Each structure stands twice: as structure tokens, then as C-alpha cells.
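Student: Residues in the sequence shown are numbered from 2 upward in steps of one, following this note's numbering. From the three backbone atoms N, C-alpha and C, an ideal C-beta is built for every residue, glycine too. Computed from a predicted model, the values in this text were never measured in an experiment. Below: one structure in C-alpha cells.
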Amino acid sequence: MLEQLSQLEKESLATLAAVENGDALAEWNKRYLGKKGALTQMLRSVGQLPKEERPAFGQAANEVKMALEAAYETKAEELRLAEMAQELEQGALDVTLPGRPIGPGHLHITTQTLRQIYAIFAQMGFQVYESPDVETDELNFELLNMPPHHPARDMWDTFWVNDQVLLRTHTSPGQIRVMREQYPDPIRVILPGKCYRYEQITARAEHQFYQVEGLAVGHGISMTDLIGTLTEFAHRFYGAEGRIRIRSSYFPFTEPSIEADIDCIICHGEGCRVCKYSGWLEICGAGMVHPVVLENGGYDPEEWSGFAFGLGVERPAMLKYDIDDIRLFYENDLRFLRQF
Ligand code: DAH
2 MLEQLSQLEK ESLATLAAVE NGDALAEWNK RYLGKKGALT QMLRSVGQLP KEERPAFGQA
62 ANEVKMALEA AYETKAEELR LAEMAQELEQ GALDVTLPGR PIGPGHLHIT TQTLRQIYAI
122 FAQMGFQVYE SPDVETDELN FELLNMPPHH PARDMWDTFW VNDQVLLRTH TSPGQIRVMR
182 EQYPDPIRVI LPGKCYRYEQ ITARAEHQFY QVEGLAVGHG ISMTDLIGTL TEFAHRFYGA
242 EGRIRIRSSY FPFTEPSIEA DIDCIICHGE GCRVCKYSGW LEICGAGMVH PVVLENGGYD
302 PEEWSGFAFG LGVERPAMLK YDIDDIRLFY ENDLRFLRQF
């Protein structure tokens, strides 16, 4: 066997020396190093040797393999240089040709959707305010009325950086930041940004996604203002003339808490796959800012009141543009992106 091996090495190196172009080189590689190549076959047959001969043979075979691979690389480089030299000689490289044009790009579907949302809320007097993606437990949970062992924390599967630091699971911590910065002025802001959740990725759920938080704080702000704002948004964003439905819900940072739905924009209430045959589509969670949260932001709940909401971004875009898989937003496949 060892003899065969050294024979193979000699033969293959001799053949390699005679190789003169890329095709022949690929052919050589296949013949000796490929899956069904001679050397690979020989390596496989090691099992047939008597036990005591196996280690020596294995080692020798690996050495040959490395030698052949190295010889292959050297040859490939040699051919490449030769080819380049030849092209230069023949003047095949015309440096006066114009470059290949880079087509103009356009905004990502998520950015487009965000900008539509900004425009609608800007018309209603909301400013855009940004807050960080990496947050503290204090802002993401505690100051939003969720002390360390609050069971509602389970609603947000969290990526922890350490005990105190996390990737924000929602844009709500921005509420505290804005309040602390704006006090004692009234507030009307939206807070767009990416959120992160430790979730299984499926066609309907990503571990990263955008939200747009809304916050209004002032004197005498009521649930009516909240419902009016959401209704107006839904009509402008979805072009829906339809109704809004308010359901009661629970969030630790609002009291009372609601969820808002609109008539399904696909079937207009008839029932279809998209609305899971309910006739309604959820647009956001919302509510009146909890007194504890107002206080944590520096506003006296006896004097001030406010509403807040949290809108998704990808989900509404999926509905509006009939996109059936949320993963597409993050795959950077130009065939998808160019459609919008
Ligand atoms: N932060 C919530 C979430 O991510 C959404 C939400 C609900 C935001 C109610 C709000 C709110 O501002 O009032 O699930």
C-alpha cells in the first residue's frame, strides 16, 4: 500500500506539471483529490489494512494529501499569473472602457413604512424621539411598573447582556427617557426603533423587529384622545374607512389598558385567512399611562395624565403589501427588496 501511495504521488505530480490551463487543472483536482479521486479512495481503503499498518499508512497518506494540495495551489497561482500576463500582452484589458454602473438604490420597505408612520403622526403634532436599543432592566421593566419579580416580565422573552443590561424588548422604556427630559412640558412624541426578543424565528415572528411607541402627556388627556388618535392613524395608514374596535387588555404600564383592532383590510370583516376568520386585525396595544409610570417620569399623576401606545411596523407593512413572511425583511434578498 505504501508503495502504491508513493507511486500515486509521483504520478500525480508528474501529471500536474503537464497541466496547462484551468480546465485541465480542475480535471486533475477531481481525478486525484476529488470525492472519488484516487487519493481519497486510497484513504478510504485504510480500513482494509492490518491494524498495525494503519497508523503509518494514514500518516503517509495525509502527508501526500497535503503535498498534493499545496502543489495544486501553487499551480493554480501560476496559471492565474500566466493568464494575466497573456491577457496583458494581448491587450485584452481595455482600461478606457467605462465602469459598470451601480444602479441607484432605494429605501428599505421598513424605512418606507416608518416614514409613512412619522408623516401621519407629524400631522397630528407628534415629534420623533429616539432612544437606545441597549437598555437597562430599570428602564425596560422596573420604571414601567414591573419590579424584578413581576410575572408580567414573562410577556417579553429577553436577551440579557448581563444582570442589569438587556436589548430592549419594546420601545416603551423611551417613555421614561422622554418624560425625564421634557418635564415639566407637555409631551407629544413617537419613539420608533428596533426591539429584540428571544424568540423562535418563524414566518410570523422575528427576534428583531421595529415598534413605534407613542406618548402624550398633558392636562386632561383622556381615553377619548387616545381612541381618536388611533382611529385617525388607522384611517390614514391603511386607507381604511372602517371601524376601530377597542378591547380591554393588560399592560403593567397603562391603566386602563386596551388593544385596538381595525376591520380586516383584506376581507372587510367577512373573515379570511389573514384575520384568522375574525374580521379584525390588531393594530396596537395602548392605554392611559399608569400613575406610577408618570411619577417615575417626574410628572405628578394628580395633575397630569397621558396616553401611550405601541405599534408594530413589519406586521402592518405585511398586511398593507401582502407579504407573507416576516423573515423577508431581514434577509436582504434584492428580489424581495426591489418590489417596494
Ligand atoms: N410595549 C408593549 C409591547 O411591546 C406594547 C404597548 C402596549 C406599548 C401598551 C404601550 C402601551 O405604550 O401603552 O408589547
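(1) May I ask you to report which of helix, strand or coil DSSP gives glutamate 4?
(2) Taking DSSP as the reference, what is the three-state secondary structure of tyrosine 170?
(3) May I ask whether a heavy atom of the ligand DAH can be found less than 7 Å away from the beta carbon of phenylalanine 341?
(4) Determine, using beta carbons only, whether glycine 288 and alanine 309 come nearer to each other than 8 Å.
(5) Return yes when the Cβ of glutamate 70 is within less than 8 Å of the Cβ of leucine 108, no when it is not.
(6) Using a 10 Å radius around the Cβ and a threshold of 16 neighbouring Cβ atoms, would you call aspartate 138 buried or exposed?
(7) Using a Cβ-based criterion (distance less than 7 Å to any ligand heavy atom), does phenylalanine 234 qualify as near the ligand DAH?
(8) Among Asp326, Gln117, Glu296, Gln91, whose alpha-carbon lies nearest the alpha-carbon of alanine 204?
(9) So does the segment 283-298 actually touch the segment 144-151, counting three or more Cβ pairs closer than 8 Å?
(10) Is the distance from the Cβ of leucine 115 to the Cβ of glutamine 176 below 8 Å?
(11) In the structure shown, what three-state DSSP assignment does methionine 289 receive?
(12) For alanine 120, report the span of its alpha helix (DSSP H) as first-last.
(13) Count the other CB atoms, across all protein chains shown, that sit within 10 Å of the CB of threonine 1; report buried if there are 16 or more and exposed otherwise.
(14) Going residue by residue through the segment 201-253, where are the continuous alpha helix (DSSP H) segments of at least 4 residues, counting only ones entirely within it?
(15) Below 8 Å on the Cβ atoms is my guess for glutamate 136 versus proline 174; work out the distance and round it to an integer in Å.
Tutor: Looking at the atomic coordinates:
(1) Of the three classes helix, strand and coil, the one that applies to glutamate 4 here is helix, per DSSP.
(2) Tyrosine is not the amino acid found at residue 170; the sequence shown has threonine there. Coil.
(3) Not a single heavy atom of the ligand DAH lies less than 7 Å from the C-beta of phenylalanine 341.
(4) Going by beta carbons, glycine 288 and alanine 309 fall inside the 8 Å limit.
(5) Contact: no.
(6) Buried.
(7) Not so, every heavy atom of the ligand DAH lies at least 7 Å from the Cβ.
(8) The shortest C-alpha separation from alanine 204 is found at Asp326.
(9) Under the Cβ criterion (8 Å, minimum of three pairs), the segment 283-298 counts as touching the segment 144-151.
(10) The Cβ atoms of leucine 115 and glutamine 176 do not sit closer than 8 Å to each other.
(11) If DSSP states are grouped into helix, strand and coil, methionine 289 belongs with the strands.
(12) Counting along the chain, the unbroken alpha helix (DSSP H) around alanine 120 starts and ends at 110-124.
(13) Past the edges of the chain, shown from 2 to 341, lies residue 1, and the structure says nothing about it.
(14) The DSSP assignment places complete alpha helix (DSSP H) segments of no fewer than 4 residues inside the segment 201-253 at 224-239, in order along the chain.
(15) Contact holds; Cβ gap of about 5 Å.
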